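Structure first, commentary second.
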Ligand code: F6P
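In this note's numbering, the protein residues as written are 9 to 314.
This is the structure:
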């Protein structure tokens, strides 16, 4: 592992080293085919785990536990906060996002966020985040992340064991692509059903219909958004277990929203920016809409119109 990345916050250097080192371990396991079967366990949110979920969670804890700047590590796969030291920064992880898709060869990944001065669950919010992003375990091992307003892409070269980190510049792309699982469509709020119809079948012929893409792997759908733009949505639905959608606020929504905001995009739960939402508990779910500013304004306007 060789990572020559220094952000504007030197205390994060060791944390990035740890995160990137763990991603290499997980990617190597995934390429071997290890852990690609269901485990007998489920996680804190009641999702069935595959064995690699557990391997990934352990890989991150193993590398992060040696850094004196890390106060807590919290993970979608664990019920409680784990105190590491009295350091200033805490790390939140979805150690293997899109694991069910990994079972059929779709790129999965890991999502991370670094928070400053977090002591209780409520502190893992959009005001305290200082870095967020994700790894993609696909054709290559890649990272997309932001520190402040700076956005980066990392690419791992397995032959040399070195990462190349480059800035992503040029702001937020704006392709008219919609990433959503339409299965619960009839159970969405009426405003969303209308908005969805309008995106795919615009009235008045003023623009082309949106294209539709859904990997069922948030990291893959968000990689497309970083490179091409679009609207990613996981809304609530009027059915048990989906009252607040499916995605976790701390482990998935806030880190992804942070990255897209850094690129000049935006996010909402329908009413307010995901970065302004209060956090009540670590494993809380939220409806998620992330995209360029115009698409997010249109979502909020559609909800207001009812
Ligand atoms: O949170 C896990 C996750 O797999 C995300 O990566 C993805 O966006 C979503 O769930 C897929 O959900 P569904 O299986 O409902 O399409």
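In this text, a Cβ means the ideal position worked out from N, Cα and C, and glycines have one as well. Since we're looking at a predicted model, the values are computed, not measured.
With 16 other Cβ atoms within 10 Å as the buried cut-off, status of residue 20: Counting from 1 along the chain shown, the entry for residue 20 is found at position 12. Buried, by the Cβ-count rule.
Which of helix, strand or coil DSSP assigns to residue 15: Position 7 of the chain shown, counting from 1, holds the residue named residue 15. Three-state result, residue 15: coil.
Any non-hydrogen atom of ligand 1 within 8 Å of residue 252 CB: Taking the first residue of the chain shown as position 1, residue 252 is located at position 244. Checking the Cβ of residue 252 against ligand 1 gives no.
Close-in-space but distant-in-sequence residues of the same chain around residue 13 (CB under 6 Å, 5 per side omitted): Here residue 13 refers to the residue found at position 5 of the chain shown. Closer than 6 Å at Cβ, skipping near neighbours: 24, 173.
Own chain residues within Cβ distance below 7 Å of residue 231, not counting five before or after: In the chain shown, residue 231 corresponds to position 223, counting from 1. These residues qualify, in order along the chain: 144, 152.
Sequence-distant residues of the same chain with beta carbon closer than 6 Å to residue 292, five excluded per side: Here the question's residue 292 lines up with position 284 in the chain shown. Around residue 292: 257.
Any non-hydrogen atom of ligand 1 within 8 Å of residue 242 CB: The residue labelled residue 242 in the question sits at position 234 within the chain shown. Flag set: Cβ of residue 242 near ligand 1.
Stretch pair the segment 110-119 + the segment 221-231: three plus CB contacts closer than 8 Å: yes
Opposing strand residues paired with residue 171 [DSSP bridges]: Looking up residue 171 in the chain shown gives position 163. According to DSSP, which records beta bridges pairwise, residue 171 is partnered with 164.
Residue 136 versus 300, 295, 312, 262, residue with shortest Cα-Cα distance: One-based indexing of the chain shown puts residue 136 at position 128. Measuring from the Cα of residue 136, the nearest candidate turns out to be 262.
Same chain only: Cβ atoms within 7 Å of residue 33, ignoring 5 sequence neighbours per side: The residue you call residue 33 lines up with position 25 of the chain shown. Cβ neighbours of residue 33 beyond the five flanking positions: 67.
Selection from 170, 26, 234 that minimises the alpha carbon distance to residue 78: Locating residue 78 in the chain shown gives position 70, where the first residue counts as 1. The shortest Cα separation from residue 78 among 170, 26, 234 belongs to 26.
CB-CB length for residue 130 against residue 286, believed under 8 Å: Counting from 1 along the chain shown, the entry for residue 130 is found at position 122. Counting from 1 along the chain shown, the entry for residue 286 is found at position 278. Indeed they touch by this definition, with Cβ atoms about 7 Å apart.
Cβ-heavy atom distance, residue 226 to ligand 1, below 8 Å: To locate residue 226, count along the chain shown from 1; it is residue 218. Yes, the beta carbon of residue 226 sits closer than 8 Å to at least one heavy atom of ligand 1.
Cβ-based burial, residue 94 [other Cβ within 10 Å; buried from 16]: On the chain shown, position 86 is the one that residue 94 refers to. Exposed, by the Cβ-count rule.
Any 3 or more C-beta pairs closer than 8 Å across the segment 236-247 and the segment 293-303: yes
Simplified DSSP assignment, three categories, for residue 150: Residue numbering aside, residue 150 sits at position 142 when the chain shown is read from its first letter. Strand.
For residue 196 and residue 28, believed in contact at Cβ under 8 Å, the rounded distance: In the chain shown, residue 28 corresponds to position 20, counting from 1. In the chain shown, residue 196 corresponds to position 188, counting from 1. About 38 Å separates the two Cβ atoms, so there is no contact after all.
Cα-Cα separation between residue 159 and residue 208, rounded to whole angstroms: For this step, residue 159 is matched to residue 151 along the chain shown. For this step, residue 208 is matched to residue 200 along the chain shown. Answer to the nearest angstrom: the Cα atoms are 31 Å apart.
Distance between residue 194 and residue 249 (C-alpha atoms, nearest Å): Taking the first residue of the chain shown as 1, we reach residue 249 at position 241. Taking the first residue of the chain shown as 1, we reach residue 194 at position 186. Roughly 16 Å separates the two Cα atoms.
Residues that residue 242 bridges to, as DSSP identifies them: In the chain shown, residue 242 corresponds to position 234, counting from 1. For residue 242, which the question treats as bridged, DSSP gives the partners 296.
Proximity below 9 Å, CB of residue 253 to CB of residue 210: Indexing the chain shown from 1 puts residue 253 at position 245. Indexing the chain shown from 1 puts residue 210 at position 202. No.
Coil, strand or helix - residue 60 by DSSP: Here residue 60 refers to the residue found at position 52 when the chain shown is read from its first residue. If DSSP states are grouped into helix, strand and coil, residue 60 belongs with the helices.
Proximity test, residue 106 beta-carbon vs ligand 1 heavy atom, cut-off 8 Å: For the purposes of this step, residue 106 is taken as the residue at position 98 of the chain shown. Because some heavy atom of ligand 1 lies under 8 Å away, the Cβ of residue 106 counts as near it: yes.
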